[in-house]
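Residue numbering for the sequence shown follows my numbering, starting at -1 and increasing by one per position. Where is the CB? At the ideal position from N, CA and C, for every residue including glycine. Have a look at the structure below, then the notes.
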Amino acid sequence: MIALLEDISQCGQKNTKLYMMKTDNGRFIIAIPKIHWSAELKEADDAEQRFEHIHASLTFHMYDGNIDLLANNITSHTMHYDEYIH
């Protein structure tokens, strides 16, 4: 298991921490404790599938910020680290 920590921010909003763990069985566990949110992604999913899963999860969580921007930002981080730690 590999744990990663990133600062994540959106235009006009405060920085927060994005926690990602990549498990040995090919999954990402991602969390933003500041908004009490977490999700699990499959390593095999492409960027569009990850975005859709994150977007749906944030919508279900009733996140009241810009869901598209946040989901896109998180997706980019997971794709970046997927290549980095492979």
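- Straight through space, the alpha carbons of I27 and E46 are spaced by roughly 17 angstroms.
- Rounded to whole angstroms, the Cβ separation of I52 and T73 is 6 angstroms, and the two are in contact under 8 angstroms.
- L56 sits away from L39, with the two beta carbons spaced by 8 angstroms or more.
- DSSP, read as helix, strand or coil, puts M19 in strand.
- DSSP places A54 within a helical segment (H, G or I) once states are collapsed to three.
- In summary, M18 is buried, with 16 or more beta-carbon neighbours lying within 10 Å of its beta-carbon over all protein chains present.
- Where A29 is concerned, the enclosing beta strand (DSSP E) starts and stops at 25 to 30.
- When the beta-carbon positions are compared, A42 and G63 stay at least 8 angstroms from each other.
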